[in-house]
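*Asks:* I have a structure I would like to understand better, so I am pasting it below and will then ask my questions one at a time.
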Amino acid sequence: MQTGNVIFLGLGAAGAPGAPFAAPLVGLAAFLLGAALAALAWRGSAEAAGALLGPALAAEVGLLALAALIAAAADPSAGDFAAYLLIALLSLTMGLRNTIARHAGGPDLATTVLNLTMTAFAAPSPLGFASGAELAERAAGLAMILAGAFAGALLVKTGTALPLALAAAVSLLAAVELRSSHVPHPTDRG
4 MQTGNVIFLG LGAAGAPGAP FAAPLVGLAA FLLGAALAAL AWRGSAEAAG ALLGPALAAE
64 VGLLALAALI AAAADPSAGD FAAYLLIALL SLTMGLRNTI ARHAGGPDLA TTVLNLTMTA
124 FAAPSPLGFA SGAELAERAA GLAMILAGAF AGALLVKTGT ALPLALAAAV SLLAAVELRS
184 SHVPHPTDRG
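Residue numbers (the working numbering): 4 to 193.
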């Protein structure tokens, strides 16, 4: 959503009617803070980023749960302090997630930069176009993003707290799955 934030920030700065300025500015700043924190924690190889998946998921669960609690308690509206706080928490979370995923994951799925995922369909491999397995992975990523957006749109009709609580729960399930599927690396001790 940071592309949209940059566009809204430009529209708001130019004084376009109804275009927000403060909300995208808060979102961009918090996203960059989350990305910077993850980059400071990472400082290494893809394996190092992989080791951060568990702690990053734990941070994500905590931030999403906090956002759900704030949404339930405050029932935020555009321009409220609570709304800006939610924007900051969620953007910080996405900055953390994107940075870790970018370093730990492969090139076939960009977590929030859908354009990269879509253009990857035409990315050449050594034999020409992407292989069937690469295309299947990319298609699965696009399908999951679409399904998530569809489910999110339906859930938002119930309010803000439920979708945020479910996002925290899904992240928690991912953290539990990651922990239970950990295969020790030969350099792991114990």
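By construction, the Cβ of each residue, glycine as well, lies at the ideal position given by its N, Cα and C atoms.
Give the DSSP-derived three-state secondary structure of P20 in the structure shown.
*Replies:* Coil at P20, not helix or strand.
*Asks:* In angstroms, rounded to a whole number, what distance separates the CA positions of R182 and G57?
*Replies:* Approximately 7 Å, taken between the alpha carbons.
*Asks:* Chain C beta carbons: is any one of them nearer than 8 Å to that of L169?
*Replies:* The chain labelled as chain C is not found in the depicted structure, where only one protein chain is given.
*Asks:* Identify which residue in V29, L138, G7 has its Cα closest to the Cα of F2.
*Replies:* Nothing about residue 2 can be read from this structure; the chain reaches only from 4 to 193.
*Asks:* If contact is defined by three or more beta carbon pairs under 8 Å, each pair taking one atom from either stretch, is the stretch 135-145 in contact with the stretch 69-76?
*Replies:* No: the two stretches stay apart, fewer than three of their Cβ pairs being nearer than 8 Å.
*Asks:* Quick check on the burial criterion: 16 or more other C-beta atoms within 10 angstroms. Buried or exposed for M97?
*Replies:* Flag for M97 reads buried.
*Asks:* State the Cα-Cα distance for the pair G21 and P27, rounded to the nearest angstrom.
*Replies:* One C-alpha to the other measures close to 13 Å.
*Asks:* Going by DSSP in three states, R46 sits in which element: helix, strand or coil?
*Replies:* Coil, per DSSP.
*Asks:* Does the pairing of the stretch 58-70 with the stretch 167-180 give three or more beta-carbon distances under 8 Å?
*Replies:* The stretch 58-70 vs the stretch 167-180: in contact.
*Asks:* Mind checking which residues open and close the alpha helix (DSSP H) that includes S174?
*Replies:* Start and end: 164-183.
*Asks:* Below 8 Å on the Cβ atoms is my guess for V9 versus L43; work out the distance and round it to an integer in Å.
*Replies:* About 23 Å separates the two Cβ atoms, so there is no contact after all.
*Asks:* Only counting the same chain, and skipping five residues up and downstream in sequence, which positions put a Cβ closer than 7 Å to that of L40?
*Replies:* The residues are L99.
*Asks:* Given a cut-off of 8 Å, decide if L12 and F24 are closer than it, judged by their beta-carbon atoms.
*Replies:* Yes.
*Asks:* Which residues bound the alpha helix (DSSP H) around P58?
*Replies:* Start and end: 56-77.
*Asks:* Drop a sphere of 10 angstroms on the beta-carbon of A142, count the other beta-carbons inside from all chains shown, and report buried for 16 or more, exposed for fewer.
*Replies:* A142 comes out exposed.
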